[in-house]
Every structure is written in structure tokens, then in C-alpha cells.
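Undergrad:
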Amino acid sequence: MENFDAIVIGAGHAGCEAALALARTGNKTLLLTLSLDAVAFLACNPSIGGTAKGQLVAEVDALGGEMGVNTDKTLIQLRMLNSGKGPAVQSLRAQADKIEYHNQMKLTLEKTENLFLRQGEVVSIKELEDGLKEVETAVGLIYRCKAIVFATGVYLKSRIIIGPYTKDCGPNGFSNAQKLSDSLSKLGIKLLRFKTGTPARINARSIDYSQLEVQKGEENIQNFSFLTKKKPNNKAVCYLTYTNLETHKIIQDNLDKAPVFSGMIKGIGPRYCPSIETKIVRFADKERHQLFLEPESLSTNEVYIQGFSTSMPVDIQEKMIHSIKGLEKAEIMRDSYAIEYDCIEPTQLQPTLELKGHSGLFFAGQINGTSGYEEAAAQGIIAGINANLYLKGKEQLVLKRSDGYIGVLIDDIVTKGTNEPYRMMTSRAEYRLLLRQDNADLRLTEIGRKVGLVDDRRWKVFLKKKKDLEKIFTILQTKYKVAQVADFYVENGENPPKESVTIYSMLKRSNIDAFKINERFHVFNNFSYEVINEMNITVKYEGYIKQQLDEIEKFKKQESTLIPKDFDYNRYNGLRLEAREKLNEIKPLSIGQASRISGVSPSDIAVLSVLVKKFKEENK
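By the working numbering, the letter at position 458 of the sequence shown is numbered 458, and the numbering carries on one by one without gaps.
#1: Name the one or two DSSP bridge partners that P295 has.
#2: With DSSP run on the structure shown, which of helix, strand or coil describes Y405?
#3: If you compare alpha carbons, which of G448, V149, L128, Q119 is closest to V139?
#4: CA-CA distance, T426 and E374?
#5: If contacts are defined as beta-carbon pairs under 8 Å, then T228 and E277 qualify, I think. What distance do you get, rounded to the angstrom?
#6: Taking the runs of the beta strand (DSSP E) that are 3 residues or longer, which of them lie wholly in the stretch 2–87?
#7: Under a three-way DSSP split, which group does I125 fall into?
#8: Is the stretch 75–93 close to the stretch 106–117, with three or more CB pairs under 8 Å?
#9: Should A43 and P171 be called a contact, given that it needs their Cβ atoms to be closer than 7 Å?
#10: Which of helix, strand or coil does DSSP assign to T538?
#11: Quick check on the DSSP output: the alpha helix (DSSP H) that includes S609 runs from which residue to which?
#12: Return helix, strand or coil for K356, following the three-state DSSP convention.
#13: Since M105 is in the alpha helix (DSSP H), which residue starts that stretch and which ends it?
#14: For I586, which residues of its own chain have a beta-carbon under 7 Å away from its beta-carbon, when the five flanking residues on both sides are left out?
#15: Leaving out five residues on either side along the sequence, give the residues of the same chain with a beta carbon under 8 Å from the beta carbon of R509.
#16: Is the beta carbon of G217 sitting closer than 7 Å to the one on N203?
#17: K133: which of L30, R144, V123 sits nearest, CA to CA?
#18: Quick check: the stretch 336–351 against the stretch 146–165, are there 3 or more CB pairs under 8 Å?
#19: Taking a contact to mean a Cβ-Cβ separation below 7 Å, would you say G384 touches A21 in this structure?
#20: Tell me whether S427 sits in a helix, a strand or coil according to DSSP, three-state version.
#21: Among all the DSSP beta bridges, which residues are the ones paired with E134?
#22: Under a Cβ-count criterion, where at least 16 other Cβ atoms within 10 Å of its own Cβ denotes burial, should F283 be classed as buried or exposed?
#23: Rounded to whole angstroms, what is the Cα-Cα separation between K460 and V454?
#24: Tell me whether the beta-carbon of Q90 lies closer than 7 Å to the beta-carbon of Y405.
#25: On the premise that D438 lies in contact with N533, defined as a C-beta separation below 8 Å, what is that separation, rounded to the nearest angstrom?
#26: Hey, could you find the ends of the alpha helix (DSSP H) Q366 is sitting in?
#27: Could you tell me the distance, in whole angstroms, from the CA atom of A6 to the CA atom of V39?
#28: Taking 7 Å as the limit between beta carbons, can you name the residues of its chain near R205, skipping five residues before and five after?
#29: Would Y165 be called buried (16 or more neighbouring beta carbons within 10 Å of its own) or exposed?
#30: Do you know whose CA, among S35, N223, V135, K186, lies nearest F174's CA?
#31: If we call anything under 7 Å between Cβ atoms a contact, is Y431 one with Q593?
#32: Quick check on DSSP: helix, strand or coil for D256?
#33: Return the CA-CA distance between L611 and D566, expressed in angstroms with no decimal places.
#34: Quick check: the Cα distance between K319 and Q252, rounded to an integer number of angstroms?
#35: Which value, in whole angstroms, describes the spacing of the CA atoms of M424 and A52?
#36: Can you confirm whether the stretch 93–100 touches the stretch 476–486 when touching is taken to mean that 3 or more C-beta pairs between the two stretches lie within less than 8 Å?
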């Protein structure tokens with residue numbers, strides 16, 4: 001038997017971030033995983049980031065996490081999504097080399113001081129006296145620790161489904177965990193059954209690329225990590241194609257063979273990332289659906305068909321794929337499949353991701369009912385941070401909705417729960433103009449430093465950016481005479497000014513930005529792309545930013561009204577029965593959190609605010 005400060009179960013994206021956060025803050029940490037070959041495995045699409053997800057990666061990075069750093073090391077294409085829209089919805093998306101992403105993250109883990117990796121299946125968890133926990137593996141090894149982070153992904157009693165064929169295993173045929181679910185149930189944890197899917201992979205040499213739309217990467221954009229200073233190196237090209245009426249007819253004619261409709265699949269699938277057969281049924285009026293062909297790695301010919309998830313029998317899959325433009329002769333290398341798995345009802349967790357009523361047990365990633373690598377990593381770093389703070393006897397970290405997308409994500413799942421795999425979207429964030437990807441470090445790096453995860457190197461980079469921002473804003477008061485700028489205004493579709501103008505006033509013109517100003521006047525040559533961009537957004541959206549800051553102040557007032565832990569909702573008839581039941585179940589930390597619980601009305605909140613105030617006065 002060996003003792004550790006903390007044990008992390010599962011080495012997916014949540015487990016990697018949790019284990020690194022614990023080890024880097026000085027805790028002897030064991031990372032247990034079913035297979036060392038599946039560490040940081042990109043089980044589905046070979047990409048990191050995307051709409052709202054890019055923000056999560058940047059926030060993980062700002063706190064001192066690894067996902068952004070690893071993505072920058074291994075990306076083969078980088079693009080900024082929604083670049084034609086406002087900065088609030090712009091997000092980076094990278095094609096990652098699937099093989100290298102795994103290799104580099106595994107190497108990082110192996111080189112990390114205080115971190116020990118071990119392959120093995122966890123079969124049981126026991127809570128002992130004095131706050132100790134005991135973990136047992138299938139081969140009889142026993143480990144003890146003071147804190148556990150559960151980051152088991154989609155491996156709990158998982159099974160893949162392809163037409164009539166089923167197999168008890170994890171993604172890509174990896175082993176699953178058959179007994180851990182039962183151990184969690186014995187602890188009184190409520191489990192859910194969810195489902196997701198992975199599209200087929202096809203051989204690149206069998207694709208007729210001449211019929212497809214090319215989608216290249218971009219170079220003059222920021223990286224994921226605030227530590228990365230080199231420009232992204234786009235080594236690969238992606239392609240677009242579409243389903244058609246023939247594809248849809250093949251699917252419609254074979255719906256009786258689709259496990260998602262036949263009742264074979266019991267788990268609840270993601271509404272925002274449905275199978276192609278579900279899309280055809282749900283959107284019967286659409287004549288085509290976009291498909292995105294993504295290279296899996298520079299060292300393989302496998303190509304991933306994003307948007308074409310299905311659990312249809314393999315012969316039907318082949319017909320479906322061959323009906324698509326450019327894929328008429330495509331060779332399937334890996335069949336598409338659906339996967340069912342156990343996860344927990346996330347309202348059983350505190351906003352710290354610690355299990356209610358069970359000190360030292362933390363949960364992160366898809367075991368919490370979420371989907372996506374980025375959502376997993378975001379929870380992983382918070383669970384790791386809070387497990388460390390728990391071990392050190394310090395107050396744990398709760399990120400608010402106004403702090404970041406991570407705060408939105410965790411608040412959503414622990415307050416509202418989820419009846420499907422939860423996916424982060426920009427629409428879920430009320431203050432998304434302030435929660436941009438570019439300013440994640442300004443929002444969160446000081447927090448990461450305070451909890452001990454941001455090292456000196458990252459801190460130095462952060463301080464330099466802050467100093468550069470101070471400098472660049474002083475330049476905005478530089479004045480130019482009309483003669484110096486008149487033609488510049490005209491060239492950019494603006495009426496020339498009638499008097500001298502500052503750079504600040506130039507930036508207020510809709511057709512002029514900081515990069516155009518620098519190209520002409522070279523005033524920002526000493527600053528990085530990131531600093532120039534940050535300043536440009538701040539000035540351009542100054543009014544909207546101020547509006548959201550005012551909204552946040554109102555939000556903080558409700559969040560700062562804390563509800564005492566010993567407040568008994570059942571004592572007060574003024575609260576409706578449904579409200580009392582929901583409040584007792586969730587046990588919100590504040591009036592603000594209580595207001596976001598489903599089934600708790602505004603009138604309940606008004607009553608609760610009065611009752612909490614009265615309770616505090618009586619118990620002074």
C-alpha cells in the first residue's frame with residue numbers, strides 16, 4: 001500500500017489538468033488511468049477550441065494550465081472563427097495532430113515533479129477515518145490519499161454501438177471501467193446515462209479533393225497560450241463538403257436500422273451535436289448539411305468527417321459516405337459509432353466541484369455530464385486547484401459567471417444540472433464581451449498566481465503585457481494635423497476631419513482600426529499583436545464594455561449576499577414547496593445562485609432575501 005496526497009482517476013483532458021495543478025502546487029499526486037496509450041486522447045474530432053471553447057482554453061492557460069501550451073506545440077492548422085463578427089464571439093480553433101497531442105501531453109506529465117503515472121482500472125473507493133480515502137485497482141493494488149479527483153470521462157460502463165453490434169469498451173476500443181460506477185453508487189451518488197458519437201475516419205488517398213472546398217489556416221492571429229510567442233505554423237489544409245438528397249434518402253430508408261431510433265440506445269445524446277440521422281429527421285426541410293474533413297495527424301492518412309456522427313450499420317455507413325461529393329470512392333478506416341456511458345448528476349457538486357457531504361472528493365469533466373475536451377480541461381484545472389486548497393486547509397476557489405466562461409460552465413451544471421451532455425456556447429455567457437479570449441490573462445492570471453499555480457515565467461509574461469498596455473494607451477493621445485491624416489481617412493472610406501485628431505479619435509471611426517493606423521503611422525511597432533488587439537477592442541467597444549461592467553456590479557450584489565450554511569429552508573412557509581425542495585437539493589451559496597435554480601421564481605427570491613437578512617440579524 002502506498003500513500004499520496006491526492007489521486008486523480010482518469011488521464012483525459014480533465015485528469016491531465018487536475019493532476020498537473022496538484023503536482024505543480026507541491027502535492028504528491030498519483031494519476032491512475034485505464035491505458036497510458038489514451039493519455040490526453042482526442043477521442044473524437046482532432047481539434048481544440050471552437051466557438052466559446054477557445055475562450056475556455058485561454059482561461060485554462062491563464063490560470064496556469066497546459067491545454068493551450070500543448071495545442072500550440074502540436075497544432076497543424078489554426079483559424080479564428082467568427083472573425084467577421086464582433087470580438088465577443090470570436091474564438092480560436094486549431095487542428096491538432098492527434099498523435100503528437102497525446103505524445104507531448106504524456107511527456108509533460110512524465111517530466112512533472114511530484115506526479116506519478118500508473119496504468120490500472122480503479123474498481124472501488126472507500127472513505128476511511130481521519131479524512132483518508134482508499135482506492136483499489138482491479139489487480140488488487142491499494143492506494144491511500146487525502147483527496148481524489150474523479151475524471152473518468154466516458155469510460156464508466158461504456159459500450160459502443162454500431163448497428164446491431166455492441167461492445168463493452170471505451171472510445172476506439174480502449175478498455176472501460178466496469179465496477180467503479182457501482183462503488184460511486186454505494187457512496188450515494190446519483191448516476192445518469194448519457195450518449196455521444198464519433199464519426200468515421202477515411203483514407204485521405206481515397207478522397208477526390210478536387211470536388212471539395214478548401215479551408216486554409218491563418219497566420220496573423222494570436223496563439224492559444226499567452227506563453228507562446230512564435231506565429232502559428234499551418235501545416236495542413238481542411239476541406240468542406242455537404243450531404244445531399246441522395247444521402248438523406250439512404251438514411252430515411254434505413255431509419256429502422258438506426259439504434260438511436262430503434263430503442264437500442266438508452267443514453268441521452270447531445271442536442272447541439274446530434275447524429276446525422278437525427279439531423280435528417282429533425283431538420284427534414286434542409287436539403288444538405290455541412291461536413292468538415294479534418295486530417296487526424298501528419299503521420300497518418302486518417303481523415304475525420306466532422307458532422308457525420310452515426311451508429312448506423314457499417315454497410316449503410318458506406319452507402320451514406322459514398323453518396324457525398326468527393327467521397328464517392330472513400331475507404332473507411334474506422335467505422336462511426338455511438339457510445340453510452342455513466343456520469344453523475346452534477347447538482348450533487350458544490351461550485352468548487354467537491355461532492356456535497358463528502359470532503360475531499362472532487363469531480364471533473366464528462367463524468368459531470370458535460371461534453372468536449374475544453375469543458376473537461378476547464379473543470380479539471382478547477383478541481384485540481386480546489387483539491388490542492390483543500391489539502392492545505394485554505395478557502396477554495398469559486399469562479400463567478402462574471403469571471404470567465406469557466407465560471408459560467410460550472411455554475412450552469414451545479415446549479416441547473418443537465419439532461420443532456422452539456423456544451424459551452426457563447427450564448428450561455430451574459431457578459432461575453434468582457435469574457436473574451438484575448439483578455440483571459442487579465443481576468444484570471446492573478447487568481448492563478450494567488451492559488452499557487454502560475455509560475456514565475458508566466459507571471460513575468462503577464463506583468464510585461466500589463467505594462468505594455470499601460471504604455472500603448474498613453475500613445476492614444478498623440479495628435480495629428482488634418483493634412484497628415486486626410487488622405488488616410490479617405491482611403492478607408494471616412495470623411496476627413498476638420499481639425500487635428502488624436503489616435504484615440506481615429507480609432508472611434510468604424511472603418512479604422514489600430515492595425516491600419518500602425519501600418520500607416522508605425523506608432524505601435526514596439527508592441528505585440530496581442531497588446532495592439534487588446535487596446536483596439538477596448539477603445540472600439542468602450543461604451544458596450546462600460547455597460548456590461550455596470551451589469552456585473554448589479555450581479556455582484558446578489559452574489560455577495562451569502563446564504564448561511566445552517567439556513568433551514570423547511571422552516572419558512574413563505575417559500576413555495578417546490579422552491580424549498582429545489583433549494584434544499586442545490587444548497588446555493590448566495591442569493592444570486594439561488595435565483596438561477598430551475599423552479600425557484602423571482603417571488604421566491606424576494607421572500608428568500610428577506611428571510612436570509614432576518615436570519616442573519618437573529619444570529620449575530
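A virtual CB, placed ideally from N, CA and C, is assigned to each residue, including glycine.
Computed from a predicted model, the values in this text were never measured in an experiment.
TA: By the coordinates alone:
#1: DSSP output for P295 lists V303 as bridge partner(s).
#2: If DSSP states are grouped into helix, strand and coil, Y405 belongs with the helices.
#3: The candidate whose alpha carbon is nearest that of V139 is Q119.
#4: So the alpha carbons of these two residues sit roughly 14 Å apart.
#5: Between T228 and E277 the beta-carbon gap is near 40 Å, outside 8 Å, which marks them as no contact.
#6: List check, beta strand (DSSP E) in window: 6–9, 29–33, 47–49, 75–81.
#7: Strand at I125.
#8: No, they do not touch.
#9: Yes, the pair counts as a contact, with Cβ atoms nearer than the cut-off.
#10: Three-state DSSP puts T538 in a helix.
#11: For S609, the enclosing alpha helix (DSSP H) stretches over residues 602–618.
#12: Coil at K356, not helix or strand.
#13: Note, M105: alpha helix (DSSP H), 98–111.
#14: Counting only Cβ-Cβ distances below 7 Å, and skipping sequence neighbours, we find T347, T415, I597.
#15: The beta carbon of R509 sits closer than 8 Å to the beta carbons of Y489, N492, E494 from its chain, once the five residues preceding and following it are set aside; these are given in chain order.
#16: Going by C-beta atoms, G217 is not nearer than 7 Å to N203.
#17: Check the Cα spacing between K133 and each of L30, R144, V123: the tightest is with R144.
#18: Contact check between the stretch 336–351 and the stretch 146–165: three or more CB pairs, one atom from each, fall below 8 Å, which counts as touching.
#19: The beta carbons of G384 and A21 sit closer together than 7 Å.
#20: Annotated three-state conformation of S427 is helix, per DSSP.
#21: DSSP lists K126, R144 as partners of E134.
#22: Only exposed fits F283, as fewer than 16 other CB atoms lie within 10 angstroms of its CB.
#23: Their Cα atoms are separated by approximately 10 Å.
#24: Not in contact: Q90 and Y405 (Cβ atoms no closer than 7 Å).
#25: N533 to D438, Cβ: 6 Å. Contact.
#26: Careful: Q366 lies outside any alpha helix (DSSP H) and carries neither H nor E.
#27: Each residue's Cα considered, the two are about 18 Å apart.
#28: Closer than 7 Å at Cβ, skipping near neighbours: N301.
#29: Exposed.
#30: The shortest C-alpha separation from F174 is found at S35.
#31: Cβ atoms of Y431 and Q593: not closer than 7 Å.
#32: Note: D256 maps to helix in three-state DSSP.
#33: Straight-line Cα distance between these residues: approximately 13 Å.
#34: C-alpha of K319 to C-alpha of Q252: approximately 13 Å in a straight line.
#35: Rounded to the nearest whole angstrom, the CA to CA distance from M424 to A52 is 6 Å.
#36: Under the three-pair Cβ rule at 8 Å, the stretch 476–486 does not count as touching the stretch 93–100.
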